[in-house]
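Okay, so here's the structure we're looking at.
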Amino acid sequence: MARGRTVLSVTHRLQSVADADRIFVLDHGRLVEEGRHAELLERRGAYRRLWDKQSGFEVSQHGDSAQAAASRLHAFPILERLEPPLLEELSASFVTERHPEGRLVIQQGDPGDKFYILVRGTVEVLKAGPDGAEQRIRVLEDGDFFGEIALLKDTPRTASVRTLSQCVFLTLQREQFTSLLSHAPHLRATFEGMAAS
Numbered sequence: 002m003a004r005g006r007t008v009l010s011v012t013h014r015l016q017s018v019a020d021a022d023r024i025f026v027l028d029h030g031r032l033v034e035e036g037r038h039a040e041l042l043e044r045r046g047a048y049r050r051l052w053d054k055q056s057g058f059e060v061s062q063h064g065d066s067a068q069a070a071a072s073r074l075h076a077f078p079i080l081e082r083l084e085p086p087l088l089e090e091l092s093a094s095f096v097t098e099r100h101p102e103g104r105l106v107i108q109q110g111d112p113g114d115k116f117y118i119l120v121r122g123t124v125e126v127l128k129a130g131p132d133g134a135e136q137r138i139r140v141l142e143d144g145d146f147f148g149e150i151a152l153l154k155d156t157p158r159t160a161s162v163r164t165l166s167q168c169v170f171l172t173l174q175r176e177q178f179t180s181l182l183s184h185a186p187h188l189r190a191t192f193e194g195m196a197a198s
């Protein structure tokens, strides 16, 4: 960059602005925080929540492979009761999937057999109404997840998910999860209780 110039970057991916002199945090179009990276992390506000959500993932340069740290997996409610050695083992079981913009990732009514972590990208969650028309009920971004019920019980998908941009996912098959739990019978009862509720 040329000396004396100001560069303005608008981004959702916080890693790209961590070294910026000044960061302005907007929420629904309103300024909610401003400061340097370290200051914003200390405040534990909107910036910190988004930073924590996006952290703990490694993605190859071309997005062909991704990995989640065991500490990041621990932050997902469905996995928070797993002990660190199991989380390490589980981390190695995730598979990277890439999908282009506009791809239907899961279809409402189809069998659920996989848990998804959205590492990079944006998706919309759609639910068919009584007339069959799909309505957007949520938008998910980097660090969000869906399909966790598929790890716990054999039930049809309750919504469809379509990519709004090119996406990188980490996925976990139910069989891998239940196989891992076979090594921890005390946790199996906990997860079966979660599935029943």
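Here the sequence shown is numbered in the numbering used here, starting from 2 and rising by one per residue. Think of the CB as a built atom: it goes at the ideal place given N, C-alpha and C, for glycine as much as any other residue.
In the structure shown, the three-state DSSP call for T97 is strand.
Bridge partners of T7 according to DSSP: none are assigned. Between the alpha carbons of F25 and E34 lies a gap of roughly 6 Å.
Look at the beta carbons and you see the region 141 to 159 touching the region 51 to 60: at least three pairs across the two are nearer than 8 Å.
Per the coordinates, the alpha-carbon of R137 lies some 10 Å from the alpha-carbon of G130. In the three-state DSSP reduction, D28 falls in the strand class (E or B). Runs of the alpha helix (DSSP H) lying entirely within the region 119 to 153 and spanning at least 4 residues, in chain order: 150 to 153. DSSP, read as helix, strand or coil, puts R175 in helix. Residue environment: G30 is assigned as exposed (fewer than 16 neighbouring CB atoms within 10 Å of its CB, all protein chains considered). Here the C-alpha atom of D132 lies approximately 32 Å from the C-alpha atom of Q174. Sequence-distant partners of L152 (beyond 5 residues in either direction) whose C-beta falls short of 6 Å from its own C-beta, in its chain, are F116, R175 and F178.
Annotated as proximal: F95 and L171, with beta-carbon spacing under 7 Å. Linking A134 to L83 through their CA atoms gives a straight-line distance of about 39 Å. Classified as buried, A71 has 16 or more neighbouring CB atoms from the shown chains inside 10 Å of its CB. Apart from the 5 residues on each side of it in sequence, E98 sits with its Cβ closer than 6 Å to the Cβ of F170 and T172 in its chain, given in chain order.
In the structure shown, L83 adopts coil according to DSSP, grouped into three states.
Cβ-Cβ separation between L87 and L27: approximately 38 Å, too far for a contact (criterion under 8 Å).
In the same chain as L127, and ignoring 5 residues on each side of it, the C-beta atoms closer than 8 Å to its own belong to Q109, E135, Q136, R137, I138, A160, S161, V162 and R163, in chain order.
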